[in-house]
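First to last, the protein sequences are chains A and B. So in numbering that gives the first Met the number 0, spot 249 of the first sequence is number 248, and the numbers just go up one at a time. So in numbering that gives the first Met the number 0, spot 184 of the second sequence is number 183, and the numbers just go up one at a time. Glycine included, each C-beta is placed from N, C-alpha and C at the ideal position.
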Amino acid sequence: MSVGYSAEHDQLRRVVREFLSQKSPSRQVRRLMEAGESRDDEVWALLTGQLGLSGIAVPEEYGGSGYGPVELGIVLEEMGRALLVAPYFGTVALAGQALAASGDTEAMRRWLPGIADGSLTAALAVAEDSGSWDLTDVTAAAEPVAEPTGGWAVTGTKLFVVDGDTADLLLVVARAPDGPGVFAVEGAAAGVDRARLDTLDLTRALASVTLQGAPATRVGADRDATEWLAEVTNLVLAALAAEQIGGAARCLDLAVEYAKVRQQFGRPIGSFQAIKHKCANLLLEVESGRSAVYHASAAVAGHQPDAALAAALAYAYCSQAFTHAAKECIQIHGGIGYTWEHDAHLYLRRAKSSELLFGPPARQRTRLAELAGI
Amino acid sequence: MTVERAATATAAEPDDAFRARLREFFTAHHPGRAPKDARERLAWAKAWLATLFDSGYAGPSWPREFGGMELPFAHQVIYHEEAARARVPGPLGTGLNIAAPTIIKYGTQQQKQRWLAPMLRGDTVWAQGYSEPDAGSDLPSLRTTARRDREEYVVTGQKVWTSHASDADIFFALVRTGTRESRQQGITYLVIDAHAPGVEVRPLRDLTGGHLFAEVFFDGVRVPVSDRIGEENGGWQLARTSLGHERSAGALNQAAMYRRVLTELEELARERGQLADPLVRDRFVDLEIRVRIIRYNAERTIGGILARGEAGATSSISRLLITAFEQDIHEFAVDLLGPAGLLGKSAPQSVQRSRWLQGFLRTRASTIGAGTREIQLNTVAEQVLGLPHDPGMPPR
Chain A
0 MSVGYSAEHD QLRRVVREFL SQKSPSRQVR RLMEAGESRD DEVWALLTGQ LGLSGIAVPE
60 EYGGSGYGPV ELGIVLEEMG RALLVAPYFG TVALAGQALA ASGDTEAMRR WLPGIADGSL
120 TAALAVAEDS GSWDLTDVTA AAEPVAEPTG GWAVTGTKLF VVDGDTADLL LVVARAPDGP
180 GVFAVEGAAA GVDRARLDTL DLTRALASVT LQGAPATRVG ADRDATEWLA EVTNLVLAAL
240 AAEQIGGAAR CLDLAVEYAK VRQQFGRPIG SFQAIKHKCA NLLLEVESGR SAVYHASAAV
300 AGHQPDAALA AALAYAYCSQ AFTHAAKECI QIHGGIGYTW EHDAHLYLRR AKSSELLFGP
360 PARQRTRLAE LAGI
Chain B
0 MTVERAATAT AAEPDDAFRA RLREFFTAHH PGRAPKDARE RLAWAKAWLA TLFDSGYAGP
60 SWPREFGGME LPFAHQVIYH EEAARARVPG PLGTGLNIAA PTIIKYGTQQ QKQRWLAPML
120 RGDTVWAQGY SEPDAGSDLP SLRTTARRDR EEYVVTGQKV WTSHASDADI FFALVRTGTR
180 ESRQQGITYL VIDAHAPGVE VRPLRDLTGG HLFAEVFFDG VRVPVSDRIG EENGGWQLAR
240 TSLGHERSAG ALNQAAMYRR VLTELEELAR ERGQLADPLV RDRFVDLEIR VRIIRYNAER
300 TIGGILARGE AGATSSISRL LITAFEQDIH EFAVDLLGPA GLLGKSAPQS VQRSRWLQGF
360 LRTRASTIGA GTREIQLNTV AEQVLGLPHD PGMPPR
């Protein structure tokens with residue numbers, strides 16, 4: 000109930016929106032997209048330095064500002080609106096939140112300050128060929144390396160790794176002899192081969208990461224990885240849902256703006272009931288999705304008993320809402336919406352990619368049924 | 000009339016203390032189950048409203064001057080929560096929710112004194128006379144006329160879909176005092192004695208087979224000019240008055256009620272061994288998502304009002320979500336039951352006294368009454384999204 004109502008949250012939202020409208024307008028998004036770049040260095044420096052956004056969910060003792068999923072959600076909602084091209088989601092929402100949840104002080108001391116100040120980018124590598132984020136489907140293996148070298152060696156192939164082609168640090172989920180674990184691998188280490196995948200979403204890089212005995216440090220060895228990663232899943236789903244609803248809201252805005260000015264039959268198309276009803280129905284979904292996201296990020300932040308369910312629900316709902324909004328945005332724009340030059344397809348690409356990123360929707364819904372006790 | 004003002008004595012009462020006091024009151028005075036006979040049920044509901052009023056527990060959002068509690072919004076929310084929890088009867092007729100805010104804001108002092116307390120106490124039941132056979136979604140085209148004759152209006156015409164008309168003592172009605180073409184500019188808000196000569200109520204049988212609403216005929220009914228609210232031809236603007244955010248105060252209970260209904264349906268499906276079917280489960284997931292979102296929306300609406308005095312966009316969409324939900328859950332339940340879902344109340348084999356089938360039929364009205372879904376979507380599109388009005392339609 001507390002989400003989105005404090006003056007501080009309003010202020011954060013305003014600052015991020017203003018920043019992105021200046022620094023990440025459509026032409027900037029398109030420039031990076033066409034060049035296949037993962038970020039604009041100057042924008043990244045401002046975003047992480049001056050605005051301190053990469054440290055928003057990092058505890059203060061590790062150089063962050065000590066906020067959590069609620070504030071991160073607000074930032075991601077705005078980034079989703081703007082389709083920001085930057086390794087923010089992979090570094091902050093995925094790897095950063097996973098590290099902060101690990102309880103591994105050594106690992107946090109080593110990497111979180113870099114994430115917080117923007118000098119380090121990171122990726123979380125879970126899925127493989129199957130695309131599944133279930134630990135039981137992980138086949139990559141980690142073996143302890145004998146002294147004096149010590150540490151671990153990881154072998155396997157990860158797929159669909161968000162920002163995995165450029166990340167300085169890879170957090171790789173692999174099977175150790177004692178069960179699943181998380182292993183930190185330097186992106187530039189020997190035995191690491193990675194490549195950006197040719198995928199639908201042109202504004203977010205997904206990579207394949209092949210590891211062959213890559214040297215690694217185990218993270219969160221003291222924690223049961225299954226339990227820890229379940230918590231990470233909640234954090235990540237709530238974060239992605241926030242980004243999705245920002246994108247959906249932007250699609251609705253674009254459609255409404257266009258429907259107000261586009262004239263056919265001598266009147267704005269937005270005066271036709273068929274268009275009005277499409278837009279009003281999208282508003283229902285966008286506002287419902289927002290409510291789900293705000294509830295989920297508060298539940299996850301507060302470790303509420305319904306955190307897992309709330310996060311899964313927000314993701315399932317916002318996945319549909321975003322994809323629907325992106326499709327209707329194209330439809331309401333008509334021919335112009337089908338062109339490469341119009342941004343509508345960039346949102347459709349992001350929407351469908353986000354919807355499928357953590358596995359097929361049917362699987363998400365099955366999981367939701369289990370969590371809800373149905 | 001000496002009224003104990005126990006409930007409103009302490010404005011700064013802490014939430015918990017207020018909640019405890021309400022809970023105690025509702026428990027101590029609970030009227031028990033509703034009688035089956037319609038006449039007895041009316042008396043039972045009136046007795047409860049009188050108990051509330053006489054003890055100072057009626058009208059959470061109303062001014063104290065007229066017997067209300069004048070609660071701050073947060074306490075209104077608690078009030079509705081506790082009333083729902085105790086399952087005490089709700090208001091009678093539609094006057095409390097629809098006519099009262101208009102009277103409180105626009106009535107004369109004399110009108111307020113005369114009408115408000117008896118309405119709140121349940122001594123008079125009020126029903127709405129807005130819709131007509133040819134004026135449904137297009138309400139500004141209404142044709143029931145009120146001709147001025149010195150200090151009286153003479154009202155002639157027909158209203159329809161009037162809920163609670165058979166129990167009503169008073170109709171609050173929109174009538175035409177301007178020319179036929181005057182639309183919104185020629186409408187007046189009148190309060191009409193339901194027992195006056197020339198008033199005839201004909202119950203309408205609805206598709207469920209029941210008689211919830213009626214047609215009301217006015218044939219030369221004489222109404223004192225002093226029973227007009229606001230100016231002559233100034234009634235349209237008054238018709239949609241609400242008191243602050245009182246309508247949002249009960250939003251959480253509605254959400255809780257549907258939560259309960261969905262849980263009951265899940266239990267039924269479980270008992271019947273149908274929950275293992277993945278198609279059935281997926282339908283339940285859909286309803287589960289929606290029922291929770293209805294609650295999250297209600298929380299956001301109420302949170303917004305508490306934090307910044309604004310209900311926000313969620314308040315305008317909640318009705319659209321709820322009405323679609325209640326239609327879908329009942330139809331899904333009937334589908335789930337298969338042929339057994341078709342059995343009526345009196346069939347000995349009927350499941351849960353045919354509640355789901357009754358709901359399936361009853362909720363056809365959900366997307367029609369108080370504005371069709373189509374008209375509400377237009378309103379959301381124009382008022383929230385700012386899309387242009389249809390130039391082919393008369394102005395709003």
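Query	Result
Alpha carbon to alpha carbon, how far is M0 of chain A from L312 of chain A?	Residue confidence is low: M0 of chain A scores 40 on pLDDT, short of 50, so the model does not pin down where it sits. Its coordinate-derived value is still stated next. Computed Cα separation, rounded: 17 angstroms.
By Cβ distance below 8 angstroms, which residues in the same chain neighbour K344 of chain B in space, the five residues on each side in sequence not counted?	R352, S353 and Q357
Does DSSP classify R349 of chain A as helix, strand or coil?	helix
Residues in its own chain within less than 7 angstroms of M392 of chain B by CB, not counting five upstream and five downstream?	none
Under 8 angstroms between the Cβ atoms of V181 of chain A and V172 of chain A?	yes
Which one of B:R299, B:Y188, B:Y257 and B:N252 has the shortest CA to CA distance from G233 of chain B?	B:Y188
Under a CB-based cut-off of 8 angstroms, is L386 of chain B close to chain A?	yes
Listing by chain order, which chain A residues have their CB less than 8 angstroms from the CB of T207 of chain B?	What T207 of chain B touches in chain A: nothing, since even the nearest Cβ is about 28 angstroms away.
Starting from A369 of chain B and walking both ways along the alpha helix (DSSP H), at which residues does that stretch end?	It is not in any alpha helix (DSSP H) - A369 of chain B carries neither H nor E in the DSSP assignment.
Bridge partners of W151 of chain A, per DSSP?	A:P143 and A:A215
Taking 8 angstroms as the CB-CB limit, is K275 of chain A close to chain B?	yes
Output yes if chain B places a C-beta closer than 8 angstroms to the C-beta of M0 of chain A; else output no.	At M0 of chain A the pLDDT is 40, less than 50, meaning the model places this residue with poor confidence; the figure from the coordinates comes in the next sentence. So, interface residue.
Within 8 angstroms of any Cβ in chain A, is that where the Cβ of Q75 of chain B sits?	no
Under a three-way DSSP split, which group does R174 of chain A fall into?	strand
Which stretch, first to last residue, makes up the beta strand (DSSP E) that contains D148 of chain B?	T144 to D148
Assuming T143 of chain B and K158 of chain B make a contact with CB atoms under 8 angstroms, what is their CB distance in whole Å?	7 angstroms
From R4 of chain B to R40 of chain B, what distance separates their C-alpha atoms?	With a pLDDT of only 40 at R4 of chain B, under 50, the local geometry of the prediction cannot be trusted, and the value read off the model is given with reservation. If you take the alpha carbons of R4 of chain B and R40 of chain B, they lie about 28 angstroms apart.
Quick one: which residues of the stretch 286-299 of chain B get their C-beta closer than 8 angstroms to a C-beta of chain A? List them in chain order.	E287, I288, R291, I292, Y295, N296, E298 and R299
Classify E127 of chain A as helix, strand or coil using the three-state DSSP reduction.	coil
Taking the alpha-carbon of R307 of chain B as reference, which of B:F72, B:G94 and B:V153 has the nearest alpha-carbon?	B:F72
For chain B, is any of its Cβ atoms less than 8 angstroms away from the one on E17 of chain A?	no
Between P390 of chain B and chain A, is there a C-beta pair that is closer than 8 angstroms?	yes
Under 8 angstroms between C-beta atoms, does V260 of chain B make it to chain A?	no
Report yes if the C-beta distance between V153 of chain A and V184 of chain A is below 8 angstroms; otherwise report no.	yes
Quick check on DSSP: helix, strand or coil for D116 of chain A?	helix
Say whether chain A places a C-beta atom closer than 8 angstroms to the C-beta of D15 of chain B.	no
Residues in the stretch 343-365 of chain A with C-beta within 7 angstroms of chain B's C-beta atoms, listed in sequence order?	R364
Would a check of beta-carbon distances place R280 of chain B closer than 8 angstroms to chain A?	yes
For A204 of chain A, which residues from the same chain have a beta carbon less than 6 angstroms from its beta carbon, with the 5 sequence-adjacent residues on both sides left out?	S37, D162, D164 and R195
Could one say the Cβ of H294 of chain A lies closer than 8 angstroms to chain B's Cβ atoms, at least one of them?	yes
Judging by CA-CA distance, which residue of B:D133, B:P30 and B:A255 is the nearest neighbour of H298 of chain B?	As written in the sequence, residue 298 of chain B is Glu, which differs from the His given in the question. If we check each option's Cα against that of E298 of chain B, B:A255 comes out closest.
Quick one: which chain B residues come within Cβ less than 9 angstroms of S318 of chain A?	Here the premise fails: no neighbours, minimum Cβ distance about 11 angstroms.
Determine the direct distance from the alpha carbon of S247 of chain B to that of R318 of chain B, and round the result to whole angstroms.	11 angstroms
Which residues, in order along the stretch 194-211 of chain A, keep a beta-carbon less than 8 angstroms from a beta-carbon of chain D?	Protein chains A and B are contained in the structure displayed, whereas chain D is not.
Checking the sheet assignment: what are the DSSP bridge partners for D192 of chain B?	B:I169
Are the C-beta atoms of Q272 of chain A and some chain B residue less than 8 angstroms apart?	yes
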